[in-house]
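Using this note's numbering, the first residue of the sequence shown is number 11, and each one after it goes up by one. In this text, a Cβ means the ideal position worked out from N, Cα and C, and glycines have one as well.
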Amino acid sequence: MPNREKQSLQKDDLSQAEKPKPYVLLALIEHGSRPAAYIIVGLFVLLFLFKIKDPLFKLLEGAQEVKVGSFELRLRASADQAGLSKEFSGLETLSDQQVQLFLVVGDKNKPQISYSAEEVTEENLKKLQEMGLLSEVKRQEDGKLFWAVSDKGHNLHQLIFKQVIKSIRGSTAT
């Protein structure tokens, strides 16, 4: 029997050597669970960020446009209040030269303006007249162009310049 007992004890020693000790498991659970939870939560956060990456970048890129957008919204709202929404919307159909021309010649308070530049063409002035921003366009006997600003054109011009001044003053105050 002593041999059998020795063999049995040796088998028990081997099986105990193969099994981890309970204090090792407890230490792994106690000290390893928090880092494992952090890793799992971190992976979920990364997956979430990758899912919303494109919309997030678009939002950040558009942050610079917020100020411009608010200017446009104020301008559009002012045009609606003044009954000039049709004329304001029509500005989008104009070329850059035609818009520049309107912004220069649209002030009715300066009827004696003499302006000559590449954008002062009969075609551009006629387009402004078609939109109702100018009331009269004609070529004078000396060959120069004459135009008269309509009331709607003058009101839209004033509205635009008031909003520009308000935005400039507002941006320098901040």
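**Request:** May I ask you to report which of helix, strand or coil DSSP gives A158?
**Result:** Stepping through the sequence shown from its first residue, residue 158 is reached at position 148. The answer is strand: DSSP assigns A158 an E or B state.
**Prompt:** Thinking just about the alpha-carbon of each residue, which of L143, R149, W157 is nearest to the one in K165?
**Reply:** As a working mapping, residue 165 is identified with position 155 in the sequence shown. The identity of residue 165 in the sequence shown is Asn, whereas the question assumes Lys. Among L143, R149, W157, the Cα nearest to that of N165 is on L143.
**Request:** Please state whether DSSP places T184 in a helix, a strand or coil.
**Result:** To locate residue 184, count along the sequence shown from 1; it is residue 174. Residue confidence is low: T184 scores 45 on pLDDT, short of 50, so the model does not pin down where it sits. Its coordinate-derived value is still stated next. DSSP places T184 in coil when its eight states are reduced to three.
**Prompt:** How would you call K63, buried or exposed, if buried means at least 16 neighbouring beta carbons within 10 angstroms?
**Reply:** To locate residue 63, count along the sequence shown from 1; it is residue 53. Exposed is the call here.
**Asked** Across which residues does DSSP place V147 in a beta bridge pair?
**Response** The residue labelled residue 147 in the question sits at position 137 within the sequence shown. DSSP output for V147 lists W157 as bridge partner(s).
**Opening and closing residue of the alpha helix (DSSP H) in which V115 lies** = Within the sequence shown, the letter at position 105 stands for residue 115. Per DSSP, V115 belongs to the alpha helix (DSSP H) from 106-115.
**Item:** K137 and L104 closer than 9 Å at C-beta
**Value:** Numbered from its first residue, the sequence shown carries residue 137 at position 127. Numbered from its first residue, the sequence shown carries residue 104 at position 94. Yes, the pair counts as a contact, with Cβ atoms nearer than the cut-off.
**Request:** Locate the alpha helix (DSSP H) running through L135, then write down its first and last residues.
**Result:** Residue numbering aside, residue 135 sits at position 125 when the sequence shown is read from its first letter. Here the alpha helix (DSSP H) through L135 covers 132-140.
**Request:** List the endpoints of the continuous alpha helix (DSSP H) containing E97.
**Result:** Position 87 of the sequence shown, counting from 1, holds the residue named residue 97. Per DSSP, E97 belongs to the alpha helix (DSSP H) from 95-100.
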